[in-house]
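Colleague: One structure, pasted below without further comment.
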Amino acid sequence: MIKTELSDLYRGYIACLNKQDWSTLKQFVHDDVHYNGERIGLRGYREMLERDFQEIPDLRFNIQLLMSDPPYIASRLGFDCAPKGTFLDLPVNGKRIRFAENVFYEFRDAKIARVWSVIDKAAIEAQI
1 MIKTELSDLY RGYIACLNKQ DWSTLKQFVH DDVHYNGERI GLRGYREMLE
51 RDFQEIPDLR FNIQLLMSDP PYIASRLGFD CAPKGTFLDL PVNGKRIRFA
101 ENVFYEFRDA KIARVWSVID KAAIEAQI
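Residues 1 to 128 (the UniProt record's numbering) make up the sequence shown, in order.
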């Protein structure tokens, strides 16, 4: 897969998340996906995302930076949202916060097979 194809595929994945089009998620995520070193599978990945949207009703994934080096993608995602209660064990309780997530993906068979994610918790702590 070439860089532009992988970048386009990733942008389609982000659009799928923002639409909460869970039936299409399997087109982007491998059945055996690992998240931060743990095998959670497609079902666990979908449940994680659904839970995120329940806890953060205005959640929207915004690509701020995207690097493609097949089979890897590195992305900085920006968020501007208001989680309902606690988020990352912090009492956000509906306050609007801005933060970033640095995330790396490994693709296999044109699907996300591994994800490594780090959220800027310090940025959130500074706002609450």
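Heads up, the beta-carbon is just placed ideally off N, CA and C, and yes, glycines get one too. As the structure is a prediction and not an experimental result, all values here were calculated from the model.
#1: Buried or exposed: which applies to residue 131, given that a residue is buried once 16 or more other Cβ atoms fall within 10 Å of its Cβ?
#2: For residue 6, count neighbouring Cβ atoms within 10 angstroms of its own Cβ and tell me buried if that reaches 16, exposed if not.
#3: Alpha carbon to alpha carbon, how far is residue 15 from residue 56? Give it in angstroms, no decimals.
#4: Just how far apart, CA to CA, sit residue 2 and residue 28?
#5: Output the distance between the C-alpha atoms of residue 42 and residue 115, rounded to the nearest integer angstrom.
#6: For residue 96, which three-state DSSP category applies?
#7: Taking the runs of the beta strand (DSSP E) that are 3 residues or longer, which of them lie wholly in the segment 42 to 107?
#8: What's the gap between the Cα of residue 40 and the Cα of residue 95?
#9: Does the distance from the CB of residue 62 to the CB of residue 37 come in under 8 Å?
#10: Using the Cβ count rule (16 or more neighbours within 10 Å means buried), how would you classify residue 33?
#11: For residue 75, is the classification buried or exposed, using 16 other Cβ atoms within 10 angstroms of its Cβ as the cut-off for buried?
#12: Apart from the five residues just before and just after residue 102, which ones in its own chain have a Cβ nearer than 6 Å to its Cβ?
Modeller: This is what the structure gives:
#1: This structure gives no information on residue 131, because the portion of the chain shown stretches from 1 to 128.
#2: The residue given as residue 6 occupies position 6 in the sequence shown. So residue 6 ends up on the buried side.
#3: Stepping through the sequence shown from its first residue, residue 56 is reached at position 56. Stepping through the sequence shown from its first residue, residue 15 is reached at position 15. Computed Cα separation, rounded: 17 Å.
#4: Residue numbering aside, residue 2 sits at position 2 when the sequence shown is read from its first letter. Residue numbering aside, residue 28 sits at position 28 when the sequence shown is read from its first letter. Residue 2 and residue 28: Cα-Cα distance of roughly 16 Å.
#5: One-based indexing of the sequence shown puts residue 42 at position 42. One-based indexing of the sequence shown puts residue 115 at position 115. Going from the Cα of residue 42 to the Cα of residue 115 covers about 12 Å.
#6: Along the sequence shown, one-based indexing puts residue 96 at 96. If DSSP states are grouped into helix, strand and coil, residue 96 belongs with coil.
#7: Correct list: 62 to 69 and 72 to 81.
#8: As a first step, residue 40 must be located in the sequence shown, where it is residue number 40. As a first step, residue 95 must be located in the sequence shown, where it is residue number 95. Rounded to whole angstroms, residue 40 to residue 95 spans 30 Å at the Cα level.
#9: Here residue 62 refers to the residue found at position 62 of the sequence shown. Here residue 37 refers to the residue found at position 37 of the sequence shown. Taking 8 Å as the Cβ cut-off, residue 62 and residue 37 do not qualify as a contacting pair.
#10: Counting from one through the sequence shown, the residue named residue 33 turns up at place 33. Flag for residue 33 reads buried.
#11: The residue you call residue 75 lines up with position 75 of the sequence shown. Classification of residue 75: buried, given that the 10 Å Cβ count is 16 or more.
#12: Here residue 102 refers to the residue found at position 102 when the sequence shown is read from its first residue. These residues qualify, in order along the chain: 76 and 118.
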